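As structure tokens, the structure follows; a few thoughts come after it.
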Amino acid sequence: MKKNKGMIVAFLTPAVLFFLVIFVYPILRTILMSFFNIEGVTDAMGLWTFTGIENYVTLLSTSLFRTAMLNLGKIWLFGGIIVMSLSLLFGVIITSGIRFKKFFRAVIYLPNIVSAVALATMWLQYVYNPQYGLFKTFFSALHLDSLASIPWTDGDHKFMALLIAYCFGMVGYHMLIWTSGIERISPDYYEAALIDGANKIHQFRYITLPLLKGVFKTNITMWSVTCVGFFVWSQLFSTVTAETATITPMVYMYMQMFGAGNTMTDRNAGLAASIGVVLSLCVVLVFTLCNLLLKDDDLEF
Amino acid sequence: MKKKILSVLLCVAMAATMLAGCGSKDAGNSNAGGSNAGGEKTDASSETLVYWSMWEATEPQGQAIQAAVDAYVAETGIKVDVQFKGRTGIREGLQPALDAGTKIDMFDEDIDRVNSAWGKYLMDLETLAKASDYEATANAGLIAACREAGGGTLKSIPYQPNVFAFFYNVDLFEQAGITAAPKTWDELLDACAKLKAAGITPMTMDDAYATCVIGYHLGRYVGEDGVRKIVTEGLWDDPAVLQMAKDIEELASNGYYSEYVGTNVWPQGQNVELAGGQVAMYLNGSWLPNEVKATAGENFRWGCFAYPALNACATNIEGAAPTGTESNNFGAQVFAINKDSQMAEEAFGLIEKITKGEFDQKLAEDSIGIPADTTNTEWPALVSCAKPVMAESLNRFTWAVGVETNADMTPVIKENFIKLMAGTIDAEGFVQAMLAASK
Chain A
0 MKKNKGMIVA FLTPAVLFFL VIFVYPILRT ILMSFFNIEG VTDAMGLWTF
50 TGIENYVTLL STSLFRTAML NLGKIWLFGG IIVMSLSLLF GVIITSGIRF
100 KKFFRAVIYL PNIVSAVALA TMWLQYVYNP QYGLFKTFFS ALHLDSLASI
150 PWTDGDHKFM ALLIAYCFGM VGYHMLIWTS GIERISPDYY EAALIDGANK
200 IHQFRYITLP LLKGVFKTNI TMWSVTCVGF FVWSQLFSTV TAETATITPM
250 VYMYMQMFGA GNTMTDRNAG LAASIGVVLS LCVVLVFTLC NLLLKDDDLE
300 F
Chain B
0 MKKKILSVLL CVAMAATMLA GCGSKDAGNS NAGGSNAGGE KTDASSETLV
50 YWSMWEATEP QGQAIQAAVD AYVAETGIKV DVQFKGRTGI REGLQPALDA
100 GTKIDMFDED IDRVNSAWGK YLMDLETLAK ASDYEATANA GLIAACREAG
150 GGTLKSIPYQ PNVFAFFYNV DLFEQAGITA APKTWDELLD ACAKLKAAGI
200 TPMTMDDAYA TCVIGYHLGR YVGEDGVRKI VTEGLWDDPA VLQMAKDIEE
250 LASNGYYSEY VGTNVWPQGQ NVELAGGQVA MYLNGSWLPN EVKATAGENF
300 RWGCFAYPAL NACATNIEGA APTGTESNNF GAQVFAINKD SQMAEEAFGL
350 IEKITKGEFD QKLAEDSIGI PADTTNTEWP ALVSCAKPVM AESLNRFTWA
400 VGVETNADMT PVIKENFIKL MAGTIDAEGF VQAMLAASK
């Protein structure tokens, strides 16, 4: 093929320019900011004070930030296990030729359409309510008093409450990704397996699962990216000021950037930037590990 | 070949228009204040007064302010561009906009945020205030608070005053045979005992305001400066902290707090427990009657008393000064004028329109708030109970009496103090948890 350099340059220039201005420049500026002490995020560079890696040292020595990272890790791991297994299960059921497939798919996906604010309010003010909440009345009716009396929204149970509510909202989204992956697998494989005497579980274990490796990688990456940006749910589960049970790095970043709650607290946009850098590194790490551990290019179908 | 040249030209033209489109939008924003980036606006911007408001256009406050602006425009002929940004909009957007040189003549937010976080953008208003004799009919305590927050000079004008105190259900107090609102800790304990005996839960709290309780209580023992020292220097082993924790533990162990105090998520405590008539007292701001009026109903009789004075207590904190019921967390929203504004006089005129006379009264009535103009002596009925507390407040505490000053500690304080109120940890346990966290 004859290459026309002029054309390539002409077509690529706008995209490259936008990419540089909107994507690369903010990243470089954020990395640069993380080595300075900056009061306001839009302060001119003349007002920045160079502090070297002090922001990173401060972060590591702040127990609240460590708590936030730990919370994030727990959301990623436990939430990930719950969401991935439930969504895969639903995905397999939905694609197994059941009746009313579209209806069930819509129902499971529904929480994604509802705003997080409305969902969190429903969970906090209704489902978890210790006076007349859904869990309270439901478990009381079944005479499961120990379950009915769980104080979901106190300091010791709030994290679990948050995790359940969040996972409830996320299952539908990942189920759709699984479904699209499963539907890509040709029915011929299943027919052949059926003739050879494989039951549903065998089919799942030896056909569906291996062929879903690539989709699994997509799901993990998407899950990691949304987890790292965990903010709204945490804010909604802790009114006005952050709480140890629900704080995440993004909430901590917001506190550093815009101040915490109603009292005037110290602000440092540089510290906030260093949190951004740390979180990005986490995503890159997860992504690299996924690529190393899950090789999906050895299968062609 | 011709085709190729044509397509290259077209491509360049497309890229150029896209870039030009972005460019002109930016320019429009910086001139017209980000609202309408149209050409007309840019031309008129030199004589349009731009006001960034912390309210939403749909809130009672936003509507009252809009009415005042309309009246001001009709009287003076000055064009005003009001942009209702809301709390988060102002908090996140104002400083970047000011730094970018956006034309914003005036804005409003909480007294402490405006004066400290945005202090460098404020115009000194002493001359303007003197010229119109503004202070003659302004709340002296609030003006003094603004001067203090502005570093000794007046850089902001207060409106929508509020005071943080105990609000209670007068009917339940009467039912329990309590005739006078408590002024001291012993009287409060006595009132709680009577309520409890009458089968009424004395008090409750929501997670959102839990830090205000510990702040007030510590503030009574050691003053706001003392509280700030405790949270920033980690002086949690001070005897005053232990005494505070023991006082709260006593309330908890006597069953004076609602059984739901450990699990309440705002607004559960105020809307269901207090407004629903299950609980008698709740520590909150004077905005409370407005917030819960839909659930409390018209016949709810509100009472209000300042956080009670406490018995003397030993402390090792340097400069600690115990406070009484004359020290309260009162504050206001404030207006400020951009120091670079070319329309300072016009902006001050609009501020006067909103904070004086007819529209100050309207703002108070519509939002069931407190008037800023001292000649507006009629307070809305639902908050008139707070009038004596406001009148007797001579010394100002900031929000939560400074207990939230150390952002790294606030979540830990909140968690453990809620547990203390709920009775799941005791006073010693609270102190140990705080010491461990502040290491």
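Which chain is which? The protein sequence lines are A and B, in order.
Going by numbering that gives the first Met the number 0, the residue at position 167 of the first sequence is 166; the numbering climbs one at a time, nothing skipped.
Going by numbering that gives the first Met the number 0, the residue at position 340 of the second sequence is 339; the numbering climbs one at a time, nothing skipped.
Heads up, the beta-carbon is just placed ideally off N, CA and C, and yes, glycines get one too.
Bear in mind the structure is a predicted one, so any value in this text is a computation, not a measurement.
- At a cut-off of 9 Å, the C-beta of Asn263/B has a neighbouring C-beta in chain A.
- If you look at Met105/B, you'll find it in the beta strand (DSSP E) that goes Met105 to Asp109.
- Of all alpha-carbon atoms in Ile246/A, Val224/A, Thr220/A and Ser223/A, the one lying nearest the alpha-carbon of Trp232/A is that of Ile246/A.
- In the three-state scheme derived from DSSP, where H, G and I count as helix and E and B as strand, Gln341/B is classed as coil.
- In this structure, Asn337/B lies away from Leu124/B, with their beta-carbon atoms at least 9 Å apart.
- Counting only the Cα atoms, Asp42/A lies some 16 Å from Leu27/A.
- Chain A places no beta carbon closer than 9 Å to that of Gly218/B, leaving this residue out of the contacts.
- Ile149/A has its alpha-carbon roughly 40 Å from the corresponding atom of Thr322/B.
- At least 9 Å separates the beta-carbon of Lys361/B from that of Ala56/B.
- Boundaries for Tyr259/B: no alpha helix (DSSP H) harbours it, and the DSSP string shows neither H nor E there.
- In the three-state scheme derived from DSSP, where H, G and I count as helix and E and B as strand, Cys312/B is classed as coil.
- Not a single CB atom of chain A sits nearer than 9 Å to the CB of Met202/B.
- When the beta-carbon positions are compared, Phe89/A and Ile74/A stay at least 9 Å from each other.
- Neighbours of Thr243/A in chain B, taken as residues at a C-beta separation under 7 Å, are given in chain order as Pro410, Val411 and Glu414.
- Cβ neighbours of Ala164/A within its own chain (closer than 6 Å, five residues either side excluded): Trp122.
- For Pro201/B, the three-state secondary structure derived from DSSP is strand.
- Chain-ordered listing is empty here: chain B has no CB closer than 9 Å to the CB of Gln234/A, the nearest sitting near 10 Å.
- In the three-state reduction of the DSSP assignment, Gly276/B falls in the coil class.
- Looking at the backbone, the Cα of Ile80/A and that of Ile110/B are separated by about 47 Å.
- At least one C-beta of chain A is nearer than 9 Å to the C-beta of Ile417/B.
- For Gly269/A, not one C-beta of chain B is nearer than 9 Å to its own C-beta.
- Not a single CB atom of chain A sits nearer than 9 Å to the CB of Val49/B.
- In terms of CA proximity to Ala117/A, Leu235/A leads the group Ala268/A, Leu235/A, Asn261/A and Val250/A.
- Residue Glu317/B holds the alpha-carbon nearest to the alpha-carbon of Glu223/B among Gly428/B, Leu419/B and Glu317/B.
- Counting every other CB atom within 10 Å of its CB across the protein chains shown gives Arg395/B a total of 16 or more, marking it as buried.
- Contact between the stretch 391-411 of chain B and the stretch 224-243 of chain B is present: 3 or more CB-CB pairs across the two stretches fall below 8 Å.
- Listed along the chain, the chain B residues whose CB falls inside 8 Å of the CB of Asp153/A are Gly261, Thr262, Ile417, Lys418, Ala421 and Thr423.
- A Cβ-Cβ distance of about 17 Å is found for the pair Thr50/A and Phe64/A, leaving them out of contact under the 8 Å criterion.
- Between the alpha carbons of Ala147/A and Pro186/A lies a distance of about 46 Å.
- When the five nearest sequence neighbours on each side are left out, the beta carbons in the same chain lying within less than 6 Å of the beta carbon of Thr183/B are those of Pro307 and Ala308, in order along the chain.
- The criterion of a C-beta distance shorter than 9 Å is not satisfied by Met420/B and Leu187/B.
- For Val400/B, same chain residues with a beta-carbon under 8 Å away, outside a window of 5 residues either side, are Cys211, Gly214, Tyr215, Leu217, Gly218, Glu223, Val226 and Asn328 in chain order.
- With contacts defined as CB atoms closer than 9 Å, Ile37/A and Thr48/A qualify as a contacting pair.
- CA-to-CA, the gap between Gly85/B and Gly275/A works out to about 26 Å.
- Spatial neighbours of Gly176/B in its own chain (CB-CB distance under 7 Å, excluding positions within 5 residues in sequence) are listed in chain order as Lys193.
- Taking a Cβ-Cβ threshold of 9 Å, none of the residues of chain A is close to Glu108/B; the smallest such distance is about 11 Å.
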